[in-house]
Every structure is written in structure tokens, then in C-alpha cells.
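Heads up: the sequence shown begins at 1 in full-length UniProt numbering, then just goes up one per residue.
Below you'll find the structure, written out as C-alpha cells, and then a few comments.
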Amino acid sequence: MKARLITQEGYDKLKAELDYLWRTERPEVTQKVTWAASLGDRSENADYQYNKKRLREIDRRVRYLRKCIDELGVVHYAPEQEGKVFFGAWVEIENDDGEVKRFRIVGYDEIFERKDYISIDSPMARGLLKKAVGDEVAIRTPAGEAYWYINQIEYVQS
Numbered sequence: 001m002k003a004r005l006i007t008q009e010g011y012d013k014l015k016a017e018l019d020y021l022w023r024t025e026r027p028e029v030t031q032k033v034t035w036a037a038s039l040g041d042r043s044e045n046a047d048y049q050y051n052k053k054r055l056r057e058i059d060r061r062v063r064y065l066r067k068c069i070d071e072l073g074v075v076h077y078a079p080e081q082e083g084k085v086f087f088g089a090w091v092e093i094e095n096d097d098g099e100v101k102r103f104r105i106v107g108y109d110e111i112f113e114r115k116d117y118i119s120i121d122s123p124m125a126r127g128l129l130k131k132a133v134g135d136e137v138a139i140r141t142p143a144g145e146a147y148w149y150i151n152q153i154e155y156v157q158s
């Protein structure tokens, strides 16, 4: 099994989510379930059913985050990365049609809710790894090969 990588910012965000779910949201929802259960008939009690379902969702996410956080390897910036594309890099690329894209190469657990992040496991990221500014990169797509040129590489130092 290969290591699951994450940036320091992504790791901190997952830890904060776990902390919020466990210390804030779960106790609130548990209190609502207890209150709704005290009203009597649970089979027709929408508050009870909704909050019980929400409690299961929170518990599922907490279990996932706890397991995930233990397995993640945080990748820190190193000065040796400068000038080449590695994990955590912000990359600007351009194709022959003048289409420009800018994104950051991160771990799988960080790509959700961000349109400007791509997974290190994506074909684009794999094709860009270890390349430098000015390099042409051929990326295999379902429509055939696409050619991109690297315009800029930068790192966020944490």
C-alpha cells in the first residue's frame, strides 16, 4: 500500500474538522436526540429521526478522520524542490491554444471543495512531476495526448 500524502495545511484542516465534529457538533446533536427521545413516540418524531441520522453521519466521519489522520504522511516544503514540480507545488500550465490553468498538486484528501487543487495521483500531476519551467509535457487523455507547457512553479512554505 502506498503512502497517503498531505500538505501541512490539509492536515491542519482535517484535524480542525475532527476537533469541531467531536467537541462541538456531536455533543449538540446528542443533546437534540436526547431531547427528542424524551418527547415519546420516536417513530413519528422528525427531530429524533433527523438528528439520529446526523449523529450516525458525524460518527462515520469521525471514524474516517481518525483512521485517515493516522495513515497520512505530511510533506513539508524543502528548498531542493525549487524549480521543479513536486508535491505541494502551485503550477501554471498553458497549451498551444492559449488555455491557461493554475492548480496545486496535493493529496487525495485535500481536493474536495477546491477547484484549484488536483490529486497527486491524477494523470496531469503524474505527468508534471519533476518537470521544470519551460518544459513541454504530454498528458494522455481519453481524447488522445494533450501537450502543455509549464509557465510557473511556486511553493507555499509552511
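Just so it is clear, CB atoms sit at the ideal spot from N, CA and C, and this is done for glycine as well.
> Which runs of the beta strand (DSSP E) fall wholly inside the stretch 54-96 and span at least 3 residues, in chain order?
Replying inline: Taking only runs of at least 3 residues, the beta strand (DSSP E) segments lying wholly in the stretch 54-96 are 72-75 and 89-95.
>> Can you tell me whether residue 14 is helix, strand or coil according to DSSP?
In response: Correct three-state label for residue 14: helix.
>> Cutting at 6 Å between CB atoms, please list the residues of its own chain near residue 1, excluding the five before and the five after it.
In response: Caution is warranted here: a pLDDT of 45 is assigned to residue 1, below 50, making its placement in the model unreliable, and the coordinate value is therefore given only provisionally. Hits under 6 Å: none found.
> Alpha carbon to alpha carbon, how far is residue 108 from residue 118?
Replying inline: Using only the alpha carbons, I get a separation of about 8 Å.
> Taking Cβ positions, are residue 115 and residue 85 nearer each other than 9 Å?
Replying inline: The Cβ atoms of residue 115 and residue 85 do not sit closer than 9 Å to each other.
> DSSP beta-bridge partners for residue 132?
Replying inline: In DSSP, residue 132 forms a bridge with 84.
> Between the C-alpha atoms of residue 5 and residue 152, what's the straight-line distance to the nearest angstrom?
Replying inline: If I take the Cα positions, the gap works out to 23 Å.
>> I need the DSSP call for residue 45, collapsed to helix, strand or coil.
In response: Coil at residue 45, not helix or strand.
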